[in-house]
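Asker: Mapping the sequence shown onto the UniProt record's numbering, position 48 (from 1) lands on 474, and the numbers just tick up by one.
Glycine included, C-beta positions come from ideal geometry on N, C-alpha and C.
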Amino acid sequence: RQERYKALRDVAACTKDGQPIDLLMNAGLLVDLPQLEAAGAAGIGLFRTELQFMIASTLPKTSDQERLYASVLDAADGRPVTFRTLDIGGDKVLPYLHHSPEENPALGYRALRLALDRPGLMRTQLRALLKAAGGRELRVMFPMVTDLDELRKARDLISREFKHLTRFAHVMPKRLKLGAMIEVPSLLFQLDELMQLVDFVSIGSNDLFQFFCAVDRGNAQISGRFDDLSTPFMRALKDILDAGQRNSVSVTLCGEMAGRPLSAMALIGLGFRSISMTSSAIGPVKAMLLDLDAEKLHKAVMMHLGDKHPRQTFRQMLEEFAAAN
Ligand code: PEP
Ligand code: MG
427 RQERYKALRD VAACTKDGQP IDLLMNAGLL VDLPQLEAAG AAGIGLFRTE LQFMIASTLP
487 KTSDQERLYA SVLDAADGRP VTFRTLDIGG DKVLPYLHHS PEENPALGYR ALRLALDRPG
547 LMRTQLRALL KAAGGRELRV MFPMVTDLDE LRKARDLISR EFKHLTRFAH VMPKRLKLGA
607 MIEVPSLLFQ LDELMQLVDF VSIGSNDLFQ FFCAVDRGNA QISGRFDDLS TPFMRALKDI
667 LDAGQRNSVS VTLCGEMAGR PLSAMALIGL GFRSISMTSS AIGPVKAMLL DLDAEKLHKA
727 VMMHLGDKHP RQTFRQMLEE FAAAN
């Protein structure tokens, strides 16, 4: 099997009925970069910048951050890279940063919430990103956005850094694209407004599902209890895709489900044309989509989502489709 996946590396990621799909990879450290070539990824859909901070014993210097980001862009060699700003707090605590104990860390002081309260940290990172991407395209997205004001504040921080660096005659990115992660259900009810503020959105399905079902993603006793291939979650994802289309904003998904072939199949059936996953999943997902009639699946998916009295679950429908095609 490994051999078969390797042989697929240079085969275009395209469904049987001719729909090209961007298969991107998730990364976070220098050691991940060789996988870009090895897996034949179309780019990096999620670069988790907090990993550099988590393996360090002190706060990484701006120059070290800049060096890492430049190496990532060099390795990508023109393929798109989406950097996510620091997603710390929750289960990702930095030993050298004071953090008060919390009863519900997943719902607590984390990610963008913490970053906006400590703008020094965030501004340093944004400056490192802007400098590293001089003359190239820079894509930045913000984690755990909950209300639009947070997004406006984050955008303000980046434009301030942009102006500051321009004043000092630094070479600025050729293009700057800003995005939001959709991980908190509050965004599902303000999708059109959200889309006015961003160039792209990326669904963090790990967290979105955790909050959607109120089920702790890290608690083995219950994390598998509810199905992320169930009708309500699929409807939520479809709503996001529709809003993206209405507003000409690209929508991608970078949670772990993108790397499970059956889930990836569901996503393509819903209408996703870009998904980001752990690099080892690219081969298996590509093998699945080369055999997939995306239009036929789309019809089956839409029929199922609109059916008030389905004879089977969404997952069963998918499994049946996979077996019959
Ligand atoms: C997610 O929540 O789906 C996601 C991609 O981010 P992380 O797993 O790093 O929280
Ligand atoms: Mg997340």
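Starting from the N-terminal side, write out each stretch of the alpha helix (DSSP H) that is 4 residues or longer and does not extend beyond the region 691 to 726.
Answerer: 708 to 716
Asker: Leaving aside the five residues before and after Ala-465 along the sequence, list all residues of the same chain whose C-beta is less than 8 Å from its C-beta, in chain order.
Answerer: Translated into positions along the sequence shown, residue 465 becomes position 39. For Ala-465, same chain residues with a beta-carbon under 8 Å away, outside a window of 5 residues either side, are Arg-435, Met-451, Ser-705, Ser-706, Ile-708, Gly-709 in chain order.
Asker: Excluding sequence positions up to five away, which residues of its chain have a Cβ less than 6 Å from the Cβ of His-525?
Answerer: Sequence index remark: in the sequence shown, residue 525 carries index 99 (1-based). Taken in chain order, the residues that qualify are Val-519.
Asker: Could you give the distance in angstroms between the alpha-carbon of Asp-642 and the alpha-carbon of Gly-681?
Answerer: As a working mapping, residue 642 is identified with position 216 in the sequence shown. As a working mapping, residue 681 is identified with position 255 in the sequence shown. Straight-line Cα distance between these residues: approximately 15 Å.
Asker: Below 7 Å CB to CB, which residues in the same chain sit around Cys-639 once its five sequence neighbours on both sides are set aside?
Answerer: Start at 1 with the first residue of the sequence shown, and residue 639 comes out as number 213. The beta carbon of Cys-639 is closer than 7 Å to those of Phe-652 in its chain, skipping five residues each way along the sequence.
Asker: Between which residues of its own chain and Ala-496 is the CB-CB distance below 7 Å, once the five residues before and five after are set aside?
Answerer: Position 70 of the sequence shown holds residue 496. Correct list, in chain order: Ala-558.
Asker: Given this structure, state the Cα-to-Cα distance separating Ala-438 from Ala-713, to the nearest angstrom.
Answerer: Position 12 of the sequence shown, counting from 1, holds the residue named residue 438. Position 287 of the sequence shown, counting from 1, holds the residue named residue 713. One C-alpha to the other measures close to 11 Å.
Asker: Would you call the region 455 to 463 in contact with the region 684 to 703, where contact means no fewer than 3 C-beta pairs closer than 8 Å?
Answerer: no
Asker: Indicate the three-state DSSP secondary structure (helix, strand or coil) for Met-598 in the structure shown.
Answerer: Residue 598 sits at position 172 when you count from the first residue of the sequence shown. If DSSP states are grouped into helix, strand and coil, Met-598 belongs with coil.
Asker: Please output, in chain order, the residues near the ligand PEP using a CB cut-off of less than 6 Å to any non-hydrogen atom of the ligand.
Answerer: In chain order, the hits are Leu-472, Arg-474, Asp-513, Glu-609, Gly-630, Ser-631, Asn-632, Asp-633, Cys-680, Gly-681.
Asker: Quick one: what's got a C-beta closer than 8 Å to Leu-614's C-beta in the same chain, skipping five residues either side?
Answerer: Here the question's residue 614 lines up with position 188 in the sequence shown. If we look at Leu-614 and ignore the five residues flanking it on each side, its Cβ neighbours are Ile-608, Ala-662, Asp-665, Ile-666.
Asker: In chain order, what residues of the same chain have a beta carbon less than 8 Å from the beta carbon of Pro-736, not counting five sequence neighbours either side?
Answerer: Within the sequence shown, the letter at position 310 stands for residue 736. Answer for Pro-736: Thr-657, His-730, Met-743, listed in chain order.
Asker: With a threshold of 16 other CB atoms inside 10 Å of the CB of Phe-568, please say whether the residue is buried or exposed.
Answerer: Working through the sequence shown from its first residue, we reach residue 568 at position 142. It is buried - the Cβ of Phe-568 has at least 16 other Cβ atoms within 10 Å.
Asker: Within its chain, find whatever has a CB closer than 8 Å to the CB of Cys-440; leave out the 5 residues flanking it on each side and keep chain order.
Answerer: Translated into the one-based positions of the sequence shown, residue 440 becomes position 14. Within the same chain, Cys-440 has close Cβ partners Pro-446, Ile-447, Leu-715, Leu-716.
Asker: Starting from Phe-568 and walking both ways along the beta strand (DSSP E), at which residues does that stretch end?
Answerer: Against the sequence shown, residue 568 aligns to sequence position 142. Where Phe-568 is concerned, the enclosing beta strand (DSSP E) stretches over 563 to 568.
Asker: What are the residues that DSSP puts in a beta bridge with Thr-508?
Answerer: In the sequence shown, counting from the first residue as 1, residue 508 sits at position 82. Thr-508 pairs with Arg-565.
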